Amino acid sequence: MDLRAKPVAVFIGYFTLCLAAAWLVIELCLDGQLFADEPLYGARPGSSSAAAVTESSEAHESSEPYPLPQHLIGLDYSEQTDEQADAKSVGCIKCHSDAHDPHYSPAVKLGCVDCHGGNPTAVDKKRAHVQPQLADVFLSSANPVRSYTALNHERPEFIRFVNPGDLRIAHISCGTSGCHAKETLEVKKSMMTHGCMLWGAALYNNGATPDKWARYGESYSMNGVPQRLQTVPTPTPEETARKGVLPYLDPLPRFEITQPGNVLRIFERGGRFVPDVGIPERLEDNGKPKARLSNRGLGTGTRTDPVFIGLQKTRLLDPTLNFMGTNDHAGDFRSSGMPARSFLKTA
Numbered sequence: 003m004d005l006r007a008k009p010v011a012v013f014i015g016y017f018t019l020c021l022a023a024a025w026l027v028i029e030l031c032l033d034g035q036l037f038a039d040e041p042l043y044g045a046r047p048g049s050s051s052a053a054a055v056t057e058s059s060e061a062h063e064s065s066e067p068y069p070l071p072q073h074l075i076g077l078d079y080s081e082q083t084d085e086q087a088d089a090k091s092v093g094c095i096k097c098h099s100d101a102h103d104p105h106y107s108p109a110v111k112l113g114c115v116d117c118h119g120g121n122p123t124a125v126d127k128k129r130a131h132v133q134p135q136l137a138d139v140f141l142s143s144a145n146p147v148r149s150y151t152a153l154n155h156e157r158p159e160f161i162r163f164v165n166p167g168d169l170r171i172a173h174i175s176c177g178t179s180g181c182h183a184k185e186t187l188e189v190k191k192s193m194m195t196h197g198c199m200l201w202g203a204a205l206y207n208n209g210a211t212p213d214k215w216a217r218y219g220e221s222y223s224m225n226g227v228p229q230r231l232q233t234v235p236t237p238t239p240e241e242t243a244r245k246g247v248l249p250y251l252d253p254l255p256r257f258e259i260t261q262p263g264n265v266l267r268i269f270e271r272g273g274r275f276v277p278d279v280g281i282p283e284r285l286e287d288n289g290k291p292k293a294r295l296s297n298r299g300l301g302t303g304t305r306t307d308p309v310f311i312g313l314q315k316t317r318l319l320d321p322t323l324n325f326m327g328t329n330d331h332a333g334d335f336r337s338s339g340m341p342a343r344s345f346l347k348t349a
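Each number in my numbering corresponds to the 1-based position in the sequence shown with 2 added.
Structure representation (structure tokens):
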């Protein structure tokens with residue numbers, strides 16, 4: 003065996019690999035797929051709405067929970083002409099020929115893109131439609147079964163495309179100025195959305211929190227981040243006492259940092275061993291742990307409050323308006339947000 007030929011062969015292999023990688027990069031660049039950013043309205047670089055790319059990146063980087071793209075600031079759809087509205091639907095209606103405008107008032111002139119986003123000038127389905135990030139969840143145009151919190155991990159562009167009434171993006175569709183801004187805000191504050199009545203009752207009645215007034219509620223920003231709901235201006239003590247106006251609702255804290263509010267739980271029936279995650283007790287039978295709920299010291303070890311754990315990890319309230327229904331159970335075939343309370347869905 004000639005040992006001098008080995009470095010030459012290795013060099014040729016590396017050189018071939020580099021050429022292949024360079025060719026792949028060139029192909030992707032020419033096809034517009036590499037470094038291509040999906041803007042907030044589903045437009046692609048080179049399309050008539052490619053200017054939305056910059057606005058999309060600015061919206062995602064904004065510290066605002068519901069950022070508004072620049073071209074929507076001060077926009078009044080009542081001043082839009084028929085020609086402008088038709089241009090925003092020209093590609094859509096070639097396929098969706100039986101679709102109609104849900105607004106029956108002639109004063110409202112909207113195109114498909116005004117609500118759903120997407121690219122109305124594209125000539126093929128894949129480029130016209132906004133593609134999901136979670137392709138294994140959103141397999142078709144049907145609502146997925148038991149999607150749970152998938153919407154919190156999906157792109158706002160896609161959420162808007164499939165459901166303009168979702169509360170994460172309703173501020174740039176249904177809730178724009180001159181449309182249903184007030185209704186959108188009211189739904190975001192609705193008990194059907196934040197569910198504070200259940201969380202508050204469970205925590206207070208089980209001794210997990212001393213606050214009789216609800217302290218925690220469910221709400222998410224445009225990018226699926228849990229956020230505080232705050233009343234502006236802050237209600238007076240009289241308004242809270244007489245009308246039940248709450249000053250704020252916080253997201254549930256992570257269960258591992260909670261401390262037991264009811265220390266008498268230490269006397270619950272159970273085993274004799276202190277539970278320790280990852281270290282099984284050798285005297286216990288398999289599948290039959292003898293540990294009680296916990297010997298919870300105040301926030302020590304793994305001894306946390308079981309009420310907070312229950313609220314975090316069980317579907318006590320079913321999906322609220324923040325998420326889609328299970329879509330496999332009678333009476334729960336629905337989308338998320340405002341359509342869930344406005345449109346009847348039957349199996």
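Glycine included, each C-beta is placed from N, C-alpha and C at the ideal position.
Every value quoted in this text rests on a predicted model; they were computed, and no experiment measured them.
Strictly by DSSP, which residues pair up with Leu313? The residue labelled residue 313 in the question sits at position 311 within the sequence shown. For Leu313, which the question treats as bridged, DSSP gives no partner whatsoever.
Go ahead and pull the three-state DSSP assignment for Leu318. To locate residue 318, count along the sequence shown from 1; it is residue 316. It is coil, neither helix nor strand.
Rounding to the nearest angstrom, what Cα-Cα distance links Val115 and His196 in this structure? Counted from its first residue, the sequence shown places residue 115 at position 113. Counted from its first residue, the sequence shown places residue 196 at position 194. Cα-Cα distance, rounded: 29 Å.
Beta-carbon proximity check, Ala203 vs Val309, cutoff 7 Å: Here residue 203 refers to the residue found at position 201 of the sequence shown. Here residue 309 refers to the residue found at position 307 of the sequence shown. Cβ distance not < 7 Å, so Ala203 and Val309 don't count as in contact.
Tell me which residues share the same chain as Leu318 and place their Cβ nearer than 8 Å to its Cβ, disregarding the 5 neighbours each side in the sequence. Here residue 318 refers to the residue found at position 316 when the sequence shown is read from its first residue. Answer for Leu318: Leu200, Ala204, Gly312, listed in chain order.
Thinking C-beta only, is Pro249 closer than 7 Å to Thr2? Nothing about residue 2 can be reported from this structure: the residues present for the chain run from 3 to 349 only.
Pick out the complete alpha helix (DSSP H) segments inside the segment 96-167, 4 residues or longer, and give them in chain order. 114-118, 127-130, 158-164
Where does Pro235 fall in DSSP's three states? The residue you call residue 235 lines up with position 233 of the sequence shown. It is coil, neither helix nor strand.
In chain order, what residues of the same chain lie with their CB nearer than 6 Å to the CB of Lys190, ignoring the 5 residues before and after it? Taking the first residue of the sequence shown as position 1, residue 190 is located at position 188. Only Leu169 meet the Cβ criterion.
Taking DSSP as the reference, what is the three-state secondary structure of Pro228? By one-based count along the sequence shown, residue 228 stands at place 226. Of the three classes helix, strand and coil, the one that applies to Pro228 here is strand, per DSSP.
To which residues does DSSP link Leu251 through a beta bridge? What you label residue 251 is simply residue 249 of the sequence shown in a count that begins at 1. Beta-bridge pairing links Leu251 to Leu231.
If I'm right that Gly180 touches Ser80 with Cβ under 8 Å, what's the distance once you round it to whole angstroms? Counted from its first residue, the sequence shown places residue 180 at position 178. Counted from its first residue, the sequence shown places residue 80 at position 78. That pair is a contact at about 6 Å.
DSSP has Tyr2 in a bridge; who is on the other side? As shown, the chain starts at 3 and ends at 349. That puts residue 2 outside it, with no answer to give.
For Phe335, three-class secondary structure by DSSP: Against the sequence shown, residue 335 aligns to sequence position 333. If DSSP states are grouped into helix, strand and coil, Phe335 belongs with coil.
Counting pairs of beta carbons, one from the segment 103-113 and one from the segment 141-159, are three or more of them closer than 8 Å? no
Does Lys184 come out as helix, strand or coil in the three-state DSSP assignment? Taking the sequence shown and counting its residues from 1, the one referred to as residue 184 is at position 182. It is helical.
Quick one: grab the DSSP three-state call for Met193. Along the sequence shown, read from residue 1 onward, the residue named residue 193 stands at position 191. Reduced to three states, the DSSP call for Met193 is helix.
Whole angstroms are fine: how far does the CA of Asp307 sit from the CA of Gly246? Taking the sequence shown and counting its residues from 1, the one referred to as residue 246 is at position 244. Taking the sequence shown and counting its residues from 1, the one referred to as residue 307 is at position 305. The straight-line gap from Cα to Cα measures roughly 27 Å.
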